Amino acid sequence: MSHRARRSPRRQLFIRSARACVALVAGAALILGGGVAASAAAAPVEGTMAAVSSPDTAVADSPSSASIRPSRLDGFDPQTLIDDALFYDGAAMTAAQIQTFLDQRIGQCTNGQCINVLSAGISSRGSIVSARTGNLVCSPFEGGTMRVSEIIYRLQVACGISARVILVTLEKEQSLVSSRAPSDRNLRFAMGANCPDTAPCDPAYAGIGPQIVAGTTQLKTYRAGAFSRQPGVHFIGYHPNAACGGTNLQITNYATAALYNYTPYQPNAAALRAGYGMGDGCSSYGNRNFYNFYTDWFGAATNRNPNGPIGNVESVQAAPGVFRITGWVLDPDTSASIDVHVYVNGVGRAFTANLDRPDVAAAYPGFGSRHGFSVTVPAGSAGVNSLCVYGINVGLGGNSQIGCQTKLAMSGSPVGVLEAAVPVAGGVSVGGWALDPDTSAPIDVHIYVGAAGVALTADLARTDIATAYPGYGSSHGFSRLIQAPAGRQTVCAYGINVAVGVNVELGCVTVDVPAPSDRGLAPIGVLESLTVRDTTVSVIGWAIDPDTAWPIQIRVEGAGRSGLFTADHVRADVGSAYPQYGANHGFSAQLTLPVGTADVCVYAVNTGTGGDTNLGCRSVVAALPDLGRAPIGVIDSIDVRGATATISGWALDLDNVDPVPVHIYVGASGTAHVANRARPDLAAAFPLQGADHGFTEALSLPPGSSSVCVYAINLGRGGNSLLGCQTVTAVDNTRPPIGNFEQAVGVAGGVAVGGWAFDPDSRDPIPVHIYVDGVGAAISADVARPDVAAAYGRTNPLSGFAATIAALPGVHRVCAYAINDGPGVNTLLGCRDVTVP
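Residue numbers for the sequence shown follow my numbering, beginning at 6 and rising by one.
The following block contains the structure:
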């Protein structure tokens with residue numbers, strides 16, 4: 006290859022050795038090498054940013070750029086330019102990843118020859134084996150016409166040379182990974198293969214396809230064929246001019262030896278200080294630029310932290326206002342999840358890499374699977390952002406840089422347009438759109454008419470905006486009628502910034518606002534829908550008062566209830582039909598009705614004279630929603646008298662206003678009843694259901710003990726409810742009353758009687774009949790007699806009686822009878838002869 010200088014700082018001086026022809030024969034299969042993650046000593050580290058950038062950011066990297074991009078070449082070691090594991094990685098990138106990388110680096114091609122859009126042909130080839138060592142150089146691959154990215158991928162797999170190395174070589178040789186208009190010569194000698202310094206390039210290897218095949222094969226031959234320099238001490242000069250000198254280098258690995266075989270000079274101090282720029286007359290740049298491109302694009306080229314964390318940044322995706330970063334990281338000193346720090350433009354955030362990654366567990370046995378991360382971080386600025394990911398060390402070693410990239414942020418100040426500012430009577434109708442690149446959510450827009458401001462949200466559907474700005478959705482339109490005084494007014498709209506950026510003026514216009522007037526016209530409109538669901542009636546339509554462009558109210562009436570609502574919803578169809586009034590005249594309102602049938606009417610309310618307009622009436626039936634709830638209720642009492650049990654309580658269904666059935670079981674025998682008795686207490690507790698949900702039922706009991714159970718029956722969906730069960734015992738209710746006629750004394754005007762009596766079949770007081778000479782008088786044994794209750798074990802102490810029965814002076818026959826409370830006979834308590842004075 007020739008010793009040549011390039012005028013542009015990015016089109017560097019390239020110096021290479023003569024590429025010797027190596028005899029190769031067919032042989033064994035390809036063995037793919039595994040990758041080792043790049044690492045760094047600490048986080049953050051300057052000067053190592055990978056170049057997965059947008060097409061716009063690639064301009065500064067193009068051959069036509071006049072700027073010099075300086076680099077500190079952090080970590081550059083002429084004795085170890087790149088680790089073997091990274092150089093000989095036959096699975097470093099997929100074909101799709103290679104294509105995406107080229108698209109991002111090159112962007113828009115201007116002459117159709119860029120390698121991201123170019124297809125080329127290569128010939129099929131069998132296995133290549135070194136005649137010198139017998140080692141496999143490259144395995145077979147199938148040729149044909151294909152995209153350049155596919156050629157790179159096939160040679161990566163066949164020869165075990167990382168696609169990243171191939172891409173860097175294409176750039177350092179002919180700037181093909183950044184050029185938007187490569188020349189024919191750039192493509193003919195793409196990798197500098199078979200281009201000795203002392204003679205012209207061999208035309209047999211001309212063209213992008215043959216160059217990639219030959220160059221990649223040669224890079225592998227140096228190791229597999231033990232050709233030329235191998236690891237060890239070698240004198241490496243600074244320049245073909247021997248007077249420039251050089252140094253002995255301890256070349257530590259095969260990859261570094263291969264690079265010095267391919268380009269046999271090291272950068273001197275002037276070249277290193279220049280970054281990507283020109284040094285002095287003794288400078289050479291090939292291996293310096295290989296290192297610069299590799300570390301800028303793909304992260305660290307060498308692992309100087311063998312005990313530090315390892316991992317991979319698998320994707321960096323821009324979304325509105327944020328970056329989403331995925332990958333994995335682990336520390337060789339622990340199987341536990343470790344922290345990962347993500348820096349955006351130097352601002353760091355900490356996360357834990359603890360997502361399940363079975364593939365990592367399979368690749369690194371013994372470390373488990375909880376090492377994945379998928380994090381979202383805010384964009385640091387508009388435009389290109391630098392993102393670096395670090396694994397935070399545990400135990401020996403230091404923090405490791407897992408990867409760095411530059412990425413165009415979906416971030417910045419709002420964009421949008423004030424599309425319309427139409428004067429109407431008493432105001433201005435405005436419309437347009439606005440969005441902030443930092444969020445897909447609607448943003449605020451401030452409208453100023455003169456000095457008066459109104460805040461609104463740009464959240465109306467705009468499918469055209471969704472198409473123009475993918476990823477942001479359609480909810481970014483705005484439309485509003487804004488009140489303004491009559492006369493000439495300046496209307497301005499501003500998009501209010503979110504996160505990165507500043508507020509932005511969307512536009513300003515001057516309009517003449519007419520004064521409002523009332524012509525006494527009635528409102529117009531349409532009731533488009535009136536529906537009822539459960540107890541809620543919903544109405545939809547539009548209404549306009551021809552005397553004003555302002556939204557008017559509608560009134561919804563039904564079943565003695567009413568509500569006022571503003572018809573100010575955006576209706577583009579109404580705005581198109583009545584442009585002088587704007588689009589803000591739609592309504593969608595709801596009114597809650599009582600259960601039952603109701604006539605519902607909707608009225609457009611006049612803003613002045615002219616009367617309201619009935620937009621329509623409809624008859625609807627409101628009902629409680631059936632939520633599948635079980636009935637509720639309570640057994641208040643079960644009163645047993647002899648062989649009769651009286652059961653009282655209440656039951657209702659919260660999903661219905663109608664009385665519910667109750668089923669009462671005495672043992673296995675059931676009877677159906679309805680809980681429809683008035684209970685004012687229930688009306689207070691359950692106003693929707695009302696009062697009519699009580700029950701009182703008397704049922705016969707068989708002899709002995711029985712279980713009485715009450716069930717409330719559901720009127721709709723859901724199950725029935727057991728209100729409760731009680732065990733009761735039937736008694737013989739034919740027993741006669743017992744008692745004692747304790748007193749019968751003549752007093753002025755009559756006979757004073759007293760005593761006690763009760764029916765053993767009942768706990769209630771019973772009647773007592775007093776006869777004077779055969780003439781009866783009824784009294785009640787309802788005077789407290791705790792002595793009787795104690796003697797007979799009764800819970801109700803009311804069994805005494807005392808009264809004065811009228812009688813004339815003289816002797817009288819007085820008898821007392823205890824009256825049975827049920828079937829059975831009455832009891833004569835006694836008779837007395839009494840003299841009334």
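The C-beta atom is built at its ideal place from N, Cα and C for all residues, glycine as well.
This one's a predicted model, so the numbers in the text were calculated from it and none came from an experiment.
Applying the criterion that 16 or more other CB atoms from any shown protein chain within 10 Å of the CB defines a buried residue, is residue i buried or exposed?
i	result
D578	exposed
L657	buried
Y243	buried
F1	This structure cannot settle anything about residue 1, because the visible part of the chain is limited to 6 through 842.
R524	exposed
P828	exposed
L86	buried
Y259	buried
N116	exposed
V713	buried
E51	Reliability fails at E51, whose pLDDT of 25 lies under 50, so the model's placement of it is uncertain and the value that follows must be treated cautiously. With fewer than 16 Cβ atoms within 10 Å of its Cβ, E51 is classed as exposed.
Q216	buried
S188	exposed
Are residue i and residue j touching if we call contact CB-CB under 8 Å?
i	j	result
Y499	L440	no
L728	Y716	yes
P521	T553	yes
L532	V607	yes
V736	S711	no
D604	N589	no
R646	D766	yes
P556	P428	no
F5	K177	This structure cannot settle anything about residue 5, because the visible part of the chain is limited to 6 through 842.
V394	I343	no
A163	S180	no
V788	L803	yes
Just the Cα atoms here: how many angstroms apart are residue i and residue j?
i	j	result
R354	V382	8 Å
V839	A794	29 Å
K225	C119	26 Å
L693	P599	8 Å
V170	P325	33 Å
H698	L687	8 Å
L569	T536	18 Å
N404	P311	11 Å
Y227	P83	18 Å
G251	P442	53 Å
P664	A757	53 Å
Q488	F328	42 Å
T411	S543	53 Å
L511	Y453	11 Å
E319	V334	11 Å
In the DSSP assignment, find the unbroken beta strand (DSSP E) run with residue i in it and report its ends.
i	result
Q109	First-last for Q109: 100-111, but that is the alpha helix (DSSP H), not the beta strand (DSSP E).
N191	That residue, N191, is in no beta strand (DSSP E); its alpha helix (DSSP H) goes 189-193.
W555	No beta strand (DSSP E) contains W555, which DSSP labels as neither H nor E.
C820	815-823
S340	From DSSP, S340 is part of no beta strand (DSSP E); its letter is neither H nor E.
E510	509-518
S581	No beta strand (DSSP E) contains S581, which is instead part of the alpha helix (DSSP H) from 577-582.
I529	529-538
Residues bridged to residue i by DSSP?
i	result
T261	DSSP output for T261 lists no bridge partner at all.
F378	G332
K412	N390
N317	W333
N845	Lying before the first or after the last residue shown, residue 845 is absent from the chain, which here runs from 6 to 842.
M283	Bridge partners of M283: none, in fact.
P383	V327
S405	G396
A594	V544
G455	For G455, which the question treats as bridged, DSSP gives no partner whatsoever.
For the alpha helix (DSSP H) containing residue i, list its first residue and its last residue.
i	result
R646	First-last for R646: 637-646, but that is the beta strand (DSSP E), not the alpha helix (DSSP H).
C164	153-164
Y227	213-229
T176	The residue you asked about is not Thr; residue 176 is Glu in the sequence shown. Residues 168-179.
Y296	291-303
A471	468-473
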